[in-house]
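Participant: Note that this note's numbering has the sequence shown beginning at -13, numbered continuously upward.
Note that the Cβ used here is the ideal one computed from N, Cα and C, for glycine as well.
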Amino acid sequence: MNESLQTVAALVGELARLRREAERAGETDVDTGVLATVTADGRPTARTINVHFAPDHQIVFFVNRGSEKGVALQGNAAVALCLFWKASRVQVTLDAQARELGAQAADQIWASRDRNTQLLALVAARYPGADAQTLKREFESARRSLSFERVPRPESWAAYVLDLERVSVWRANWPQSGQRRLFQVDGDQVSAMEAPPY
-13 MNESLQTVAA
-3 LVGELARLRR
7 EAERAGETDV
17 DTGVLATVTA
27 DGRPTARTIN
37 VHFAPDHQIV
47 FFVNRGSEKG
57 VALQGNAAVA
67 LCLFWKASRV
77 QVTLDAQARE
87 LGAQAADQIW
97 ASRDRNTQLL
107 ALVAARYPGA
117 DAQTLKREFE
127 SARRSLSFER
137 VPRPESWAAY
147 VLDLERVSVW
157 RANWPQSGQR
167 RLFQVDGDQV
177 SAMEAPPY
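(1) Are the region 169 to 176 and the region 147 to 155 in contact at 8 Å, needing three or more beta carbon pairs?
(2) Mind checking which residues open and close the beta strand (DSSP E) that includes F134?
(3) Ends of the beta strand (DSSP E) at L67?
(4) If we count the other Cβ atoms within 10 Å of its Cβ and call it buried at 16 or more, is A92 buried or exposed?
(5) Measure from the alpha carbon of T25 to the alpha carbon of each residue in L59, L4 and S74, then state which is nearest.
(6) Three or more C-beta pairs under 8 Å: does that hold for the region 72 to 85 against the region 100 to 109?
(7) Please specify which runs of the alpha helix (DSSP H), each continuous and at least 4 residues long, are wholly inside the region 36 to 96, giving them in chain order.
(8) Using the Cβ count rule (16 or more neighbours within 10 Å means buried), how would you classify F48?
Dropping the structure here:
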């Protein structure tokens, strides 16, 4: 891990490089992470999400505004995200503020998402609270009816970018404790520091 990373763009670029490294090592789910948010009554909640490394050195994810995480983000923008790439033995944790992007930027990023992910989000937005069988049936119907057409982003789905505050990168070295690096973010400037492995 490069300790000379001094800007947020360089840091996110390094995280994207680690993602590619994990993919080359055989990681099949490089774009899945665990996002933690805080509810209005102070209760932390976590769930897996799809994470997107945008070309402009931003980390982005989509949220249904009516979901638990969507409601939580409207009240408290503080989040934590954990990415674990077992194939390359790397864990990345990020503390950040989640900031909603405008519709145009959201649509551009939406267009680059996996088509099946787009279709599932569209169907879930059209049929909130539907059971798994209904969602599966409507997913297949949407896939046939849209064929090669662009899948529109549902209005209820928002894109959020992470404004990083702190990043920890831990590379396992089992059975030894491994190596961990901490990066503190202040505006666009990044400072690196040594950290204990646990």
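Facilitator: Concretely, from the data shown:
(1) Enough Cβ pairs lie closer than 8 Å, so yes.
(2) By one-based count along the sequence shown, residue 134 stands at place 148. That residue, F134, is in no beta strand (DSSP E); it is neither H nor E in DSSP.
(3) Translated into positions along the sequence shown, residue 67 becomes position 81. Per DSSP, the unbroken beta strand (DSSP E) holding L67 starts and ends at A64 to W71.
(4) For the purposes of this step, residue 92 is taken as residue 106 along the sequence shown, with counting starting at 1. Sixteen is the threshold: when 16 or more other Cβ atoms of the shown chains lie within 10 Å of the Cβ of A92, as they do, the residue is buried.
(5) Residue mapping note: residue 25 aligns to position 39 of the sequence shown, counting from 1. The shortest C-alpha separation from T25 is found at L59.
(6) No, because fewer than three Cβ pairs between the region 72 to 85 and the region 100 to 109 fall closer than 8 Å, the two stretches do not touch.
(7) With a minimum length of 4 residues, the unbroken runs of alpha helix (DSSP H) contained wholly in the region 36 to 96 fall at 54 to 61.
(8) As a working mapping, residue 48 is identified with position 62 in the sequence shown. Within 10 angstroms of the beta-carbon of F48 lie 16 or more other beta-carbons, which makes it buried.
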